[in-house]
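In the working numbering, the protein residues as written are 26 to 316.
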């Protein structure tokens with residue numbers, strides 16, 4: 026168990042940190058725009074699972090496994106109907122790293138995951154729970170967990186939603202990268218005291234944080250802390266790419282441990298596509314005004 030305590034005061038203000046990822050459990054999802062994805066059964070569809078495991082093993086797993094601070098447990102929620110060949114891949118990942126804890130949920134447990142996760146968290150004795158949401162197709166900086174825990178200790182946080190508003194958006198199709206500043210992004214963290222019915226960061230949609238919970242942006246514009254990967258099977262991602270936010274440095278991925286090749290030629294291509302896209306939008310705007 027990963028119990029985090031203040032030095033010299035080991036019995037007070039204990040935090041326990043969990044990353045939570047929903048992998049292929051069913052969900053009563055509303056508001057999605059990618060209808061081709063919403064019509065797929067994520068529990069058993071092999072084409073969908075092939076793509077999700079590719080993304081997970083390329084971006085998500087390595088970026089979380091290589092965190093500078095290893096004091097956390099990663100709860101990954103799988104359907105108990107996941108085909109055997111994919112369960113075998115999960116077993117191999119588990120064998121590589123003890124922090125990785127796969128959980129297999131029935132449909133009933135998936136639809137009531139708040140109750141299910143409350144039971145899981147209750148296995149760990151702690152005064153405060155830190156729960157961080159990470160999707161199964163994105164990546165985080167190697168300092169992500171370290172920065173969250175340092176902030177909690179320094180500020181003695183008891184209840185709040187923490188956010189790194191600044192990150193990157195990588196579109197696989199044309200290999201474009203854009204700087205993004207989104208306070209209500211889906212890389213948020215909930216810090217909360219232990220309660221009889223514990224809430225986690227996935228107890229509410231990332232865009233609908235309860236008003237009674239303080240929201241704190243702990244990031245800065247100099248350090249990207251996450252990568253949102255845009256690909257063919259996203260549920261509802263929107264791309265925001267233009268000449269103002271195009272990445273023009275070869276060093277933007279230095280704090281991310283995942284398989285992204287980004288060289289000078291990629292930067293030049295990124296800049297060219299951003300100029301082309303901006304000009305195209307400008308022409309479309311002129312046409313609309315003339316109509």
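Ideal Cβ positions, reconstructed from N, Cα and C, are used throughout, including at glycine.
The model shown is predicted, which means the values in this text are computed figures rather than measured ones.
Would DSSP call residue 195 helix, strand or coil? Taking the first residue of the chain shown as position 1, residue 195 is located at position 170. Reduced to three states, the DSSP call for residue 195 is strand.
Among the residues of its own chain, which have a CB less than 8 Å from the CB of residue 167, if the five just before and after it don't count? To locate residue 167, count along the chain shown from 1; it is residue 142. 88, 91, 92, 93, 280, 281 and 282, listed in sequence order.
For residue 306, is the classification buried or exposed, using 16 other Cβ atoms within 10 angstroms of its Cβ as the cut-off for buried? Stepping through the chain shown from its first residue, residue 306 is reached at position 281. Exposed.
Quick check on DSSP: helix, strand or coil for residue 107? Locating residue 107 in the chain shown gives position 82, counting from the first residue. Looking at residue 107 - three-state DSSP - the assignment turns out to be coil, as it is neither helix nor strand.
When the Cβ atoms of the segment 186–203 are set against those of the segment 118–136, are three or more pairs found closer than 8 Å? no
Separation of residue 273 from residue 109, as counted between CA atoms: By one-based count along the chain shown, residue 109 stands at place 84. By one-based count along the chain shown, residue 273 stands at place 248. Roughly 43 Å between the two C-alpha positions.
Tell me whether the segment 162–181 and the segment 107–127 touch, counting them as touching only if at least three CB pairs, one residue from each stretch, are closer than 8 Å. no
How many Å lie between residue 222 and residue 239 at the Cα? Translated into the one-based positions of the chain shown, residue 222 becomes position 197. Translated into the one-based positions of the chain shown, residue 239 becomes position 214. If I take the Cα positions, the gap works out to 20 Å.
Near residue 254, what residues of its chain come up, given a Cβ to Cβ distance below 6 Å and the 5 sequence neighbours on each side ignored? In the chain shown, residue 254 corresponds to position 229, counting from 1. Taken in chain order, the residues that qualify are 84, 162, 163 and 195.
Based on DSSP bridge pairs, tell me the residues matched to residue 204. Here the question's residue 204 lines up with position 179 in the chain shown. Looking at the DSSP assignment, residue 204 forms a beta bridge with 193.
Quick one: Cα of residue 201 to Cα of residue 151, how far? As a working mapping, residue 201 is identified with position 176 in the chain shown. As a working mapping, residue 151 is identified with position 126 in the chain shown. Taking the straight line joining both Cα atoms gives about 42 Å.
Between the beta-carbon of residue 225 and the beta-carbon of residue 303, is there less than 7 Å? One-based indexing of the chain shown puts residue 225 at position 200. One-based indexing of the chain shown puts residue 303 at position 278. Cβ distance not < 7 Å, so residue 225 and residue 303 don't count as in contact.
Between the C-alpha atoms of residue 98 and residue 73, what's the straight-line distance to the nearest angstrom? Position 73 of the chain shown, counted from the start, is the residue given in the question as residue 98. Position 48 of the chain shown, counted from the start, is the residue given in the question as residue 73. In a straight line, the C-alpha of residue 98 is about 26 Å away from that of residue 73.
Pick helix, strand or coil for residue 87, following the three-state DSSP scheme. On the chain shown, position 62 is the one that residue 87 refers to. Three-state DSSP puts residue 87 in a helix.
Does the Cβ-Cβ distance between residue 49 and residue 104 come in under 7 Å? To locate residue 49, count along the chain shown from 1; it is residue 24. To locate residue 104, count along the chain shown from 1; it is residue 79. Closer than 7 Å, so yes.
If residue 268 sits next to residue 300, beta carbons under 8 Å apart, how far is it from one beta carbon to the other, in whole angstroms? Against the chain shown, residue 268 aligns to sequence position 243. Against the chain shown, residue 300 aligns to sequence position 275. Right, their Cβ atoms sit about 6 Å apart.
Any idea if residue 66 is buried or exposed, counting beta-carbon neighbours within 10 angstroms, 16 or more meaning buried? Counted from its first residue, the chain shown places residue 66 at position 41. Its Cβ having fewer than 16 others within 10 Å, residue 66 is exposed.
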